[in-house]
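Under the working numbering, the first residue of the sequence shown carries the number 263, and numbering increases by one thereafter.
All residues carry an ideal CB built from backbone N, CA and C; glycine is no exception.
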Amino acid sequence: MSDDSSKTPELKSAELEGAEQDTAEDYRPAADGFDELHEAYTAHLHRIERLPELDMRVAALDEAIRQRTSEEAAWWLDQLMRGALWGKSPEIDAMMACTLWLVRKRLDDDYDLLKSIFEAAHADERKGVIAILRDPPPHQALPKGKKLPEPKLDLGRDVTVGEKRQMARGSNRLVIEKLLLDPHPLVVEQILDNRNLREQDVLMISSRRPNTPEILLKIALHKRWYKRREVRHSLVMNPYNSTGVSLKLLPTLGIHKLRQVRNSTHLHPVIKETAEMLVELREERTAPWRV
């Protein structure tokens, strides 16, 4: 597998040496049949972990969630978040798939499924699940009618979106650097596929302000760059990003990045509050170990 494999080594490095082995019984649902639910949860985690591709993991997670009641699905998501925060390898892999699944579901407008899970999470007071399913408006946005400026390509004429997409496939470094600032999501989508693109280039796009949620979403949905924790963190730290997307990315960041989000002064209050909640969850569970 490539360096961009779905094993997400940058998240796994957050595992604490000597941390206790947590059990799902600590947060079991009150309903009967927990043993069956726990066994199914564990089996699906190991199945997801063995799959080599991120898309396969997303599909497996989708299948598993749809086989469960809304209450069970909410419990599953709660377990994934907790396990990922505590550095448990299977949950880290599954949470990466889950976040991408949720972002895609937001686009697919699978409203009934997400609504039922949200309502179940609310009834069972699963605050973390409630938070990542929310979708408030962006904290900042371009003024109505205003657009991002076009990059100057010095060709002496207007360049169509199709032409810029073709240019985005090339290896000319000067052209690539200019197209990083293009306001058209389709151009950004194309340049993200360029093998010559560096992580620092993507961070230039993801941290740019002002920006548009449409451009930033292209990065969040791109499998190569989604796997980079610095890129995910940059998206969350951009107040022009969709608040719903940023909330869904939070459980994949790790404790140090979450603290930075919590302490920021320019983000949506809901994002900061959710980061604070996740930090407390991690610190309470790992104390007195260093986190």
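Looking at residue i: is its Cβ nearer than 8 Å to the Cβ of residue j?
i: R471; j: N500; result: yes
i: L299; j: E334; result: yes
i: S504; j: P400; result: yes
i: L441; j: P413; result: yes
i: E479; j: V498; result: In the sequence as displayed, the identity of residue 479 is Leu instead of Glu. Contact: no.
i: V423; j: L415; result: no
i: R328; j: W338; result: no
Since residue i and residue j are thought to touch, with beta carbons under 8 Å apart, how far apart are those beta carbons, to the nearest angstrom?
i: I477; j: L454; result: Not really, about 10 Å apart at Cβ, beyond 8 Å.
i: I394; j: P513; result: 7 Å
i: R431; j: D397; result: That pair is no contact at about 33 Å.
i: V523; j: L509; result: That belief does not hold up - the Cβ atoms of V523 and L509 are roughly 11 Å apart, past 8 Å.
i: R491; j: Q452; result: Not really, about 24 Å apart at Cβ, beyond 8 Å.
When the Cα atoms are used, what is the spatial distance from residue i to residue j?
i: D284; j: A356; result: At D284, the pLDDT of 43 sits below 50, so the modelled position is not reliable; the number obtained from the coordinates is stated separately. One C-alpha to the other measures close to 16 Å.
i: A359; j: V449; result: 26 Å
i: E315; j: A321; result: 10 Å
i: D324; j: S496; result: 27 Å
i: L342; j: E353; result: 5 Å
i: I517; j: R419; result: 49 Å
i: F380; j: E546; result: 25 Å
i: K389; j: L417; result: 53 Å
i: L540; j: K534; result: 10 Å
i: R344; j: K409; result: 40 Å
i: T536; j: L543; result: 11 Å
i: P445; j: M429; result: 15 Å
i: E538; j: N525; result: 9 Å
i: K519; j: L347; result: 12 Å
i: S332; j: S378; result: 6 Å
i: T474; j: E301; result: 43 Å
Near residue i, what residues of its chain come up, given a Cβ to Cβ distance below 8 Å and the 5 sequence neighbours on each side ignored?
i: V493; result: E461, V464, L465, S468, I481 and W487
i: I438; result: A430, G432, I453, N456, N458, L459 and D463
Should residue i be counted as a contact of the ligand MG given a C-beta to heavy atom distance under 7 Å?
i: K350; result: Within the structure as shown, the ligand MG is missing, as the structure has no ligands at all.
If you drop the 5 nearest sequence neighbours on each side, which residues of the same chain put their C-beta closer than 6 Å to that of residue i?
i: H306; result: A326
i: A383; result: A336, V391 and I392
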